[in-house]
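Trainee:
In mature numbering (1 follows the signal peptide of the UniProt record, and there is no 0), the protein residues as written are -20 to -1, 1 to 448.
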């Protein structure tokens, strides 16, 4: 069982929530921030970084290090992703790598906003990130990510794609100079562990992109525009798959960049406010398989490098801003519904969404080489609708709002493999609370939010002996 809890405390005093004057569409994002008021002292470029656990690599140096892409992202808004060809390394002892590390390094100089970007390999997303905001003296930042789980993709020729929508003009002068490097570490000289546990913990044998297909003038992600917007992708899988996991990438922007600070619609309507994002402060990404809910994502509240005030993120950026988290949904219990070589559909929607959410996924598949066809059966399934409530108490522009929500999803299935019969039980539990207060005639806002997630995947091998 894995549990995660995130507490957000946020207070702002510059919201200017007044019905007598128009509001900025992003009250927490200082898009009107006067860069001229900040004068960089003379010196070398600033190195930006995110506080995160370092990537664990072997003691020995990499057996191969390849610069896959080098590009200057100038005016790239509305243009297709930049592409580069990847070929597997030839200077490693074998393709059984112990660790693979993706490194993104970039420099920029001038004035520019934060830009969300994605990196895909054969349409499979391997990194979602945010740029640092440059300064007159220049900046540098680096992102390292363990991508060993994508080993099966990296054993074949692929197209690496990067989408970073940037705008360069007389005002916004920052060009992002980017290098993308992949480092491979040879398998360490230790014996391989045998058994089902080691097999389940190994990288997937096949990874399918659950994303948009080219040609594109944007990223491979789907763009969810509102609460009724549903995006889907058809797929089919081999008949001898014994495990399947959806890895979902999520980021939120524009009117929903600060969704956790959005007041209820009744508050906006009663005060005749305009250009204020609403729909309340609860969001849920719902993932369905053939119109059946199989999982959900209650996203970690990442604040990008330009959020609230850019000066807050110099040089230490917000948690998750350089390597946005992805979320796993185990769909192994449902394999019996999709092991028929027919097309099936994954669907994404966002409860209460405003424009815009970027969502795509990778379908990780483990294949049983000892069978032509695995047999699977769904034994139990329970996914009641999410419970969601808002308590409002406001007068004019001042007031308090309490939002709470909960969700439970569970499924059990049985898979017959060459290892034996395996019972798989998956569970997701979510809890959400958001306390929001407007004071000083709406000019101050305080938000306290807690998201709790408990998820688990349990495997039980039903061992049997066969005599011959």
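Beta carbons: idealized from backbone N, C-alpha and C, even for Gly. Just so you know, these numbers come straight off a predicted model, no measurement behind them.
Note down the Cα distance separating residue 452 from residue 156, rounded to an integer number of angstroms.
Mentor: Shown here, the chain extends from -20 to 448; a query on residue 452 therefore has no answer.
Trainee: Identify which residue in 79, 57, 54 and 49 has its Cα closest to the Cα of residue 67.
Mentor: Ranking 79, 57, 54 and 49 by Cα distance to residue 67 puts 49 first.
Trainee: From this set, 158, 229 and 338, which residue's C-alpha is nearest residue 62's C-alpha?
Mentor: Residue 158 is the option with its Cα nearest to residue 62.
Trainee: Which residue marks the beginning of the alpha helix (DSSP H) containing residue 291, and which one marks its end?
Mentor: It is not in any alpha helix (DSSP H) - residue 291 carries neither H nor E in the DSSP assignment.
Trainee: Rounded to a whole number of angstroms, what is the C-alpha to C-alpha distance between residue 101 and residue 209?
Mentor: The alpha-carbon atoms of residue 101 and residue 209 are separated by roughly 27 Å.
Trainee: Decide if residue 392 is buried, meaning its Cβ has at least 16 other Cβ atoms within 10 Å, or exposed.
Mentor: Counting Cβ neighbours within 10 Å, residue 392 comes out buried, since at least 16 surround it.
Trainee: Quick one: Cα of residue 430 to Cα of residue 256, how far?
Mentor: Whole-angstrom Cα-Cα distance: 23 Å.
Trainee: Suppose you measure from the CA of residue 75 to the CA of residue 409; what does that come to, to the nearest Å?
Mentor: Near 39 Å, if we compare the C-alpha coordinates of residue 409 and residue 75.
Trainee: In three-state terms, what does DSSP make of residue 249?
Mentor: Residue state, collapsed to three classes: helix.
Trainee: Identify every residue that forms a DSSP beta bridge with residue 96.
Mentor: The partner list for residue 96 (beta bridge, DSSP) reads 110.
Trainee: Would you mind reading off the limits of the alpha helix (DSSP H) that contains residue 134?
Mentor: First-last of the alpha helix (DSSP H) with residue 134: 131 to 134.
Trainee: What does DSSP give as the partner residues of residue 454 in its beta bridges?
Mentor: The structure shown has nothing for residue 454, since the chain only spans -20 to 448.
Trainee: Any idea which residues DSSP pairs residue 189 with across the strands?
Mentor: Per DSSP, 342.
Trainee: As a quick exercise: from 287, 385, 404 and 374, pick the residue whose alpha carbon is nearest that of residue 418.
Mentor: Nearest of 287, 385, 404 and 374 to residue 418, Cα basis: 374.
Trainee: Between which two residues does the beta strand (DSSP E) containing residue 362 stretch?
Mentor: Element bounds for residue 362: 355 to 362.
Trainee: Quick one: Cα of residue 237 to Cα of residue 353, how far?
Mentor: When rounded, the distance between both Cα atoms is 45 Å.
Trainee: Sort 125, 140, 77 and 60 by Cα distance to residue 196 and report the nearest one.
Mentor: Closest by alpha carbon: 60.
Trainee: Given that a residue counts as buried once 16 or more other Cβ atoms are within 10 Å of its Cβ, and exposed if not, what is residue 113?
Mentor: When all chains shown are included, residue 113 counts as buried.
Trainee: Using alpha carbons as the reference points, say which of 143, 421, 154 and 281 lies closest to residue 194.
Mentor: Out of 143, 421, 154 and 281, 143 has the C-alpha closest to the C-alpha of residue 194.
Trainee: So the candidates are 339, 319 and 306; which of them puts its Cα closest to the Cα of residue 328?
Mentor: The shortest C-alpha separation from residue 328 is found at 339.
Trainee: Which term fits residue 301, buried or exposed, when burial requires 16 or more other beta carbons within 10 angstroms of its beta carbon?
Mentor: Its Cβ being crowded by 16 or more others within 10 Å, residue 301 is buried.
Trainee: Which of the three DSSP states is assigned to residue 8 in this structure?
Mentor: Confidence in residue 8 is poor, its pLDDT being 45 and thus under 50, which makes the residue's placement unreliable; the coordinate value appears in the next sentence. Coil, per DSSP.
Trainee: What are the start and end residues of each continuous alpha helix (DSSP H) run of 4 or more residues lying completely inside the segment 194 to 267, in chain order?
Mentor: List check, alpha helix (DSSP H) in window: 245 to 250.
Trainee: Looking at the secondary structure, which residues open and close the beta strand (DSSP E) in which residue 50 lies?
Mentor: Unbroken beta strand (DSSP E) run through residue 50: 44 to 53.
Trainee: Express the C-alpha separation of residue 55 and residue 381 in angstroms, rounding to a whole number.
Mentor: About 42 Å.
Trainee: Residue 281 to residue 337, Cα distance in whole Å?
Mentor: The alpha-carbon atoms of residue 281 and residue 337 are separated by roughly 13 Å.
Trainee: Assuming residue 206 and residue 334 are in contact, meaning their beta carbons sit under 8 Å apart, how far apart are those beta carbons, in whole angstroms?
Mentor: With a Cβ gap of about 7 Å, residue 206 and residue 334 count as contacting.
Trainee: Report the rounded CA-to-CA distance for residue 428 versus residue 275, giving the unit in angstroms.
Mentor: Answer to the nearest angstrom: the Cα atoms are 26 Å apart.
Trainee: Taking the beta strand (DSSP E) that residue 122 belongs to, which residues open and close that run?
Mentor: It spans 119 to 126 - the beta strand (DSSP E) in which residue 122 sits, taken as one unbroken run.
Trainee: Assuming residue 117 contacts residue 53 (C-beta within less than 8 Å), just tell me the rounded distance between them.
Mentor: The pair is not a contact, with the Cβ atoms about 20 Å apart (cut-off 8 Å).
Trainee: Since residue 412 contacts residue 278 with CB under 8 Å, what's their CB separation in whole angstroms?
Mentor: Indeed they touch by this definition, with Cβ atoms about 6 Å apart.
Trainee: Can the beta-carbon of residue 164 be found closer than 9 Å to that of residue 69?
Mentor: In this structure, residue 69 lies closer than 9 Å to residue 164 by Cβ.
Trainee: Mapping the DSSP letters down to three states, classify residue 377 as helix, strand or coil.
Mentor: Coil at residue 377, not helix or strand.
Trainee: With the cut-off set at 9 Å, would you say residue 36 and residue 79 are in Cβ contact?
Mentor: It is a contact, given that the beta carbons lie within the stated cut-off.
Trainee: On the three-state DSSP scale, how would you describe residue 153?
Mentor: Reduced to three states, the DSSP call for residue 153 is coil.
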